[in-house]
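Note that UniProt numbering numbers the sequence shown so that position 91 is 91, with each residue one more than the last.
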Amino acid sequence: LGMVLTHLNVHPGECIAVKGTVPPDAKSFALNMGRAGSDLALHFNPRFESHGDTCIIICNSLQGGEWGEEQREPDFPFQLGQDAKICISFNDQELTVAVALPGEQQLKFPNRLGLEAIEFFSVEGDFRVKSIKFK
């Protein structure tokens, strides 16, 4: 695991903004958020070339260690060797991931866990974090 933040208290409408760089040889990375490592409201996993996938974003939830049904997003805004800014916010219905690059892309994922606060956030894989801000 790359970076793990616990004991957070991010509320609906607040945003977790992550800035970083995708290395030139990246295969995949993931941003995870939820209650704990085994209870994730969102597993956001861009795959450049990983698990038999090429340039696709996998989103899923993890409840009590059990994965839900994955959502596959073919719009792939990330570029190898480029910076990326990712803002994640949520409400009781859904989580919204906004990826700001040359353009902006928004992706929505249902709040299957009904989370009222995000307490856990982690970054793993091929993504070099430069900053994380809570707004």
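Note that the Cβ used here is the ideal one computed from N, Cα and C, for glycine as well.
Item	Value
Considering only C-alpha positions, which residue in the set 35, 30 and 10 is nearest to residue 50?	30
Report yes if the C-beta distance between residue 22 and residue 78 is below 8 Å; otherwise report no.	yes
Return the CA-CA distance between residue 132 and residue 123, expressed in angstroms with no decimal places.	10 Å
Which one or two residues does DSSP pair with residue 5 in a beta bridge?	121
Let's see if you can read the secondary structure: which residues bound the beta strand (DSSP E) around residue 62?	53–63
Would you please state the rounded distance, in angstroms, between the beta carbons of residue 28 and residue 92? I believe it to be under 8 Å.	So it is not a contact: roughly 30 Å between Cβ atoms.
I'd like to check one pair, residue 18 with residue 86: are the Cβ atoms closer than 8 Å?	yes
Per DSSP, what kind of secondary structure is residue 38 in: helix, strand or coil?	coil
Check whether the segment 4–11 and the segment 60–80 touch, using three or more Cβ-Cβ pairs below 8 Å as the test.	no
With a threshold of 6 Å on Cβ separation, who are the neighbours of residue 115 within its own chain once the five nearest residues in sequence on each side are excluded?	41
Mind checking residue 36: buried by the 16 CB within 10 Å criterion, or exposed?	exposed
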